[in-house]
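To start, the structure under review is shown below, and the notes come after it.
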Amino acid sequence: MLIIVALGGNALLRRGEPMTAGNQRSNIKRAASELAALVGEGHSVVITHGNGPQVGLLALQAAANPGGGAFPLDVLGAESAGMIGYVIEQELGNLLKERLFATLLTQVKVDPHDPAFARPTKPIGPVYDKATATRLAAQRGWQIAPDGDKWRRVVPSPKPLEILEASVISFLVERGVIVICTGGGGVPVIARDDGSLCGVEAVIDKDLASSLLARQLKADMLLMLTDVDAVYVNYGTATARALRRVSPTEISGRDFPAGSMGPKVSAAI
1 MLIIVALGGN ALLRRGEPMT AGNQRSNIKR AASELAALVG EGHSVVITHG NGPQVGLLAL
61 QAAANPGGGA FPLDVLGAES AGMIGYVIEQ ELGNLLKERL FATLLTQVKV DPHDPAFARP
121 TKPIGPVYDK ATATRLAAQR GWQIAPDGDK WRRVVPSPKP LEILEASVIS FLVERGVIVI
181 CTGGGGVPVI ARDDGSLCGV EAVIDKDLAS SLLARQLKAD MLLMLTDVDA VYVNYGTATA
241 RALRRVSPTE ISGRDFPAGS MGPKVSAAI
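Its first residue numbered 1, the sequence shown is counted upward by one per residue in the working numbering.
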């Protein structure tokens with residue numbers, strides 16, 4: 001069975017946890033033990049992952065560089081994919097020494113006219129209380145939005161249209177390679193009139209990209225792993241209710257927050 005496993009950026013770095021390399025590695029090490037068990041059952045596994053906390057931190061670091069222009073989000077997304085993919089590959093490789101691995105930077109085509117560019121919804125970076133988030137937004141020109149009981153910077157998150165390296169990923173999987181790809185939803189790119197590609201300032205939702213990848217690879221299963229225990233109706237309120245088992249028809253008529261649970265539900269459907 002070919003299984004696409006999507007690790008949430010917040011599952012790799014738990015909510016409220018200091019953003020350190022050590023914490024990230026500890027969380028990835030725990031995830032690697034579960035992934036190794038899945039491989040041990042004889043499944044072919046492709047691993048994708050989020051990058052929301054990490055790409056936001058890289059953006060903060062880039063902005064703090066005196067005298068240097070800030071790097072665009074597509075470049076920072078590629079940087080975070082390499083960083084996280086390296087640690088996943090190393091920790092999983094330590095458990096599965098006989099297997100071959102490849103971490104692949106992945107370009108994902110988006111529509112340059114996607115309305116998401118005018119409506120930022122994707123949370124990135126650290127979480128803040130509302131007062132701190134409001135102050136930083138005023139200082140740095142950010143858009144901010146609630147994320148659970150905290151606030152975060154939000155950026156455009158266009159719909160993924162095509163995983164450009166899907167054929168390469170398929171080639172590797174067919175030869176028994178465990179592939180880590182589509183990190184942070186992949187690097188968002190658009191096609192110019194002459195057919196050439198260029199990156200755009202956005203962060204693609206990794207669950208939507210993983211769902212697209214699963215379809216392009218004709219995978220048997222998509223697993224989306226995150227830092228919450230269930231999909232909730234009215235999340236964060238006194239009337240919150242967990243949906244432990246639900247059909248696509250039952251869940252498709254409900255509203256979920258854009259940039260967090262909403263894309264996960266859309267990806268599953």
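Every residue gets a Cβ at the ideal spot worked out from N, C-alpha and C, and that includes glycine.
Of the listed residues the options, nearest to residue i (C-alpha basis)
i	options	result
S44	P188, Y86, C198, I169	I169
Q107	T20, A191, T121	A191
K109	L217, R14, L58, A202	A202
E165	C181, A133, P158	C181
A214	D194, L161, K130	L161
A6	T226, R254, R244	T226
T237	G148, M224, G199	G148
K122	Q143, K130, M224, L104	Q143
L100	M221, A21, G176	G176
E79	L96, G50, K159, Q139	G50
L76	L92, Q54, A64	Q54
A118	M221, R25, S157, S167	S157
A116	L92, R153, I204, G183	I204
L92	L105, A62, E34	E34
P263	A70, G185, L12, G85	G185
Q216	V187, F171, V87, R254	F171
D207	N65, K159, A64, A138	K159
E89	L212, I47, D229	I47
L136	L197, A63, D193	A63
Range of the contiguous alpha helix (DSSP H) that encloses residue i
i	result
I84	73-95
P248	248-252
V172	Rather than Val, the amino acid found at residue 172 in this sequence is Leu. Taken as a continuous stretch (DSSP letters only), the alpha helix (DSSP H) holding L172 covers 166-174.
K206	206-217
L223	Run containing L223: none in the alpha helix (DSSP H); it sits in the beta strand (DSSP E), 221-225.
V108	Premise fails: V108 lies in the beta strand (DSSP E), 107-109, not in any alpha helix (DSSP H).
V265	261-268
Same chain only: Cβ atoms within 8 Å of residue i, ignoring 5 sequence neighbours per side
i	result
R241	Y232, V233, N234
L57	M19, G125, P126
L13	M19, N23, Q24, N27, P53, Q54
L223	I3, I4, V5, A6
D74	V187, P188, V189, G199, V200, E201, A202
Beta-bridge partners of residue i, as assigned by DSSP
i	result
W151	Y128, P146
H49	L7
A191	L197
K122	V155
R241	V233
S44	L2
I163	V108
N-terminal and C-terminal residue of the beta strand (DSSP E) that residue i is part of
i	result
S157	Run containing S157: none; DSSP gives neither H nor E here.
A102	101-104
V179	178-181
Proximal residues to residue i (C-beta, below 7 Å), its chain only, five neighbours per side dropped
i	result
V265	V231, I251, F256
A36	L92, L95, L96
K130	W151
E17	N23
Residues near residue i by beta carbon distance below 6 Å, same chain, minus five either side
i	result
P72	E201
A102	L172, V177, V179
V87	R25, I28
M221	I3
Integer Cβ distance of residue i from residue j, believed to fall under 8 Å
i	j	result
I84	G183	6 Å
E267	L2	For the sequence presented, residue 267 should be read as Ala rather than Glu. Not confirmed; about 17 Å, so no contact.
A81	L105	6 Å
V154	P120	4 Å
I163	L212	6 Å
Any non-hydrogen atom of the ligand GTP closer than 6 Å to residue i Cβ
i	result
D220	For the ligand GTP, the structure offers nothing, since it holds no ligand at all.
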